[in-house]
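Notes follow the structure.
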Amino acid sequence: MKYIICQNPEQLSSGTKEKPGFENGNALLKVNRVGICGTDLHAFKGNQPFFSYPRILGHELAAEVVEIENNPQGLRAGDKVAIIPYVNCGSCVACLAGKTNCCQRIQVLGVHTDGGMQEFISIPSRLLLPANEFDLDEIAIIEPLAIGAHALRRAQTKAGDSIVVMGCGPIGLGIIQLAKYIGATVFVIDVNETRLEIAKSQFQADHFIHALQEPVEKIKELTHGNLVHSVFDATGNKQAIENGIHYMRHGGNYILVGLTKGELAFHHPSIHAKETTLMCSRNATLEDFQFVMKVLREKKFNTQAYITKRVNFESIPTGFNAWTSADSKEIKVMTTWN
Ligand SMILES: [Zn+2]
Ligand SMILES: [Zn+2]
100 MKYIICQNPE QLSSGTKEKP GFENGNALLK VNRVGICGTD LHAFKGNQPF
150 FSYPRILGHE LAAEVVEIEN NPQGLRAGDK VAIIPYVNCG SCVACLAGKT
200 NCCQRIQVLG VHTDGGMQEF ISIPSRLLLP ANEFDLDEIA IIEPLAIGAH
250 ALRRAQTKAG DSIVVMGCGP IGLGIIQLAK YIGATVFVID VNETRLEIAK
300 SQFQADHFIH ALQEPVEKIK ELTHGNLVHS VFDATGNKQA IENGIHYMRH
350 GGNYILVGLT KGELAFHHPS IHAKETTLMC SRNATLEDFQ FVMKVLREKK
400 FNTQAYITKR VNFESIPTGF NAWTSADSKE IKVMTTWN
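For the sequence shown, the working numbering begins at 100 and goes up steadily by one.
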């Protein structure tokens with residue numbers, strides 16, 4: 100079978116190897132779609148902190164069951180599945196507390212262990228979600244949207260809340276439209292005008308503000324001086340994260356979804372005065388995947404605007420550089436074998 104591997108930073112190549120065999124407890128799957136994501140781009144560029152090489156990338160997957168034994172989900176050969184790509188241990192303190200998303204021994208497909216840029220993959224069947232009701236594109240975007248769903252659940256965002264989302268990339272756009280589904284008022288901040296425009300016209304953001312044009316003043320004006328309940332960082336940019344605290348109201352919370360490689364600094368009196376709840380949001384759990392599937396089932400997510408480019412797997416080694424460039428206009432690049 101064919102596969103694509105990241106040998107070293109900035110080095111992707113294709114090859115062929117033997118198809119995986121059937122293992123007890125696992126399902127053998129045919130991979131139909133792989134969404135390209137920020138994590139893959141960081142891995143490719145060599146700035147993903149949890150990453151080791153060589154690695155087969157790809158964790159945003161739509162697949163079809165080839166072989167499976169009896170399973171509680173009732174899956175059979177030929178069924179379409181979504182995949183929770185976080186292989187958790189089930190026995191550490193985080194797993195026992197239901198926080199499977201931050202398992203101490205987590206193995207994320209395409210990060211800690213080989214992912215979906217291969218024709219077939221063997222995955223523990225407990226991580227599969229039946230998805231016959233969705234098309235393959237929808238299935239492949241469940242995972243990136245679940246990241247946003249998890250962040251919103253961390254923040255306990257509810258109807259009537261106001262939030263700021265910093266960064267209108269694929270994760271930010273997911274948070275924006277899921278927050279609109281919940282009934283929140285959404286302010287978006289980015290340095291990229293095109294992205295801001297898309298957030299408003301395609302993903303229902305209420306207000307968009309350029310990061311360099313006095314965002315604090317503008318948000319104050321639009322919230323009667325109160326600022327917002329929750330701020331979400333989806334940039335992973337140190338400066339953006341350190342500034343984000345100023346958009347949050349007294350008693351609010353601040354959720355770090357993006358990831359920087361180094362240290363962060365906050366002016367303690369500023370965060371103390373607001374009794375800031377500062378939290379990180381890592382991966383997602385089954386509950387978040389189910390929430391996203393509900394939203395997709397109701398056709399309340401703009402899948403069409405989200406997937407901006409479709410390419411064949413074969414073009415990954417040559418195309419990756421262009422999709423990763425800072426001026427790339429793509430939101431989500433979707434790859435397929437045919
Ligand atoms: Zn991803
Ligand atoms: Zn665990």
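Don't be surprised by glycine CBs; every beta carbon is placed ideally from N, CA and C.
Presumed contact (8 Å Cβ cut-off) between residue i and residue j, rounded CB distance
i	j	result
Tyr240	Lys398	Reading off the sequence, residue 240 comes out as Ile, not Tyr. At roughly 13 Å, the Cβ-Cβ gap does not stay under 8 Å, so Ile240 and Lys398 are not in contact.
Met100	Gly157	Contact doesn't hold; Cβ gap of about 14 Å is too wide.
Ala383	Ile262	Incorrect: roughly 18 Å between the Cβ atoms, too far for contact.
Gly351	Lys337	Between Lys337 and Gly351 the Cβ distance is about 21 Å, and since that is not below 8 Å, they are no contact.
Glu218	Lys129	7 Å
Asn131	Glu163	6 Å
Ala304	Val285	5 Å
Met433	Ile415	So it is not a contact: roughly 12 Å between Cβ atoms.
Ala333	Gly418	Incorrect: roughly 24 Å between the Cβ atoms, too far for contact.
Leu277	Leu244	7 Å
Lys179	Ile238	6 Å
Gly134	Glu117	Not really, about 26 Å apart at Cβ, beyond 8 Å.
Gly209	Arg154	7 Å
Phe233	Leu363	Phe233 to Leu363, Cβ: 38 Å. No contact.
Ile167	Leu174	5 Å
Val207	Pro184	6 Å
Coarse secondary structure for residue i, derived from DSSP in three states
i	result
Ala298	helix
Val356	coil
Gly351	strand
Ser112	strand
Glu320	helix
Ile275	helix
Cys144	The identity of residue 144 in the sequence shown is Lys, whereas the question assumes Cys. Looking at Lys144 - three-state DSSP - the assignment turns out to be helix.
Cys439	Here the chain covers residues 100 to 437 and nothing more, so residue 439 does not appear.
Asp426	coil
Pro269	helix
Leu395	helix
Gln312	coil
Pro229	strand
Leu174	coil
Phe400	coil
Cys201	helix
Asn420	helix
Leu385	helix
Phe121	coil
Glu292	helix
Under 7 Å between C-beta atoms of residue i and residue j
i	j	result
Ser380	Val356	yes
Thr402	Asp260	no
Ile274	Phe331	yes
Gly335	Thr359	yes
Ile443	Asn187	It is not possible to answer for residue 443, since the shown part of the chain is limited to 100 through 437.
Ala310	Ile288	yes
Val391	Ala161	no
Ile354	Ala254	yes
Thr435	Leu140	no
Gly120	Pro223	no
Leu228	Ala126	no
Tyr346	Leu377	no
For residue i, the first and last residue of its enclosing beta strand (DSSP E)
i	result
His249	Element bounds for His249: not the beta strand (DSSP E) but the alpha helix (DSSP H), 235-254.
Lys61	This structure leaves residue 61 out entirely; the chain is present only between 100 and 437.
Gln106	101-107
Phe149	Counting along the chain, Phe149 falls outside any beta strand (DSSP E), and DSSP gives it neither H nor E.
Phe331	327-332
According to DSSP, residues forming a beta bridge with residue i
i	result
Val192	For Val192, which the question treats as bridged, DSSP gives no partner whatsoever.
His306	Phe286
Phe219	Lys129
Ser261	Thr284
Arg409	Met433
Gly134	Glu159, Met433
Val207	Tyr185
Glu166	Leu127
Extent of the continuous alpha helix (DSSP H) run through residue i
i	result
Arg225	Taken as a continuous stretch (DSSP letters only), Arg225 belongs to no alpha helix (DSSP H), as it is neither H nor E.
His371	367-372
Asp213	Note, Asp213: premise wrong, no alpha helix (DSSP H); not H, not E.
Ala339	337-343
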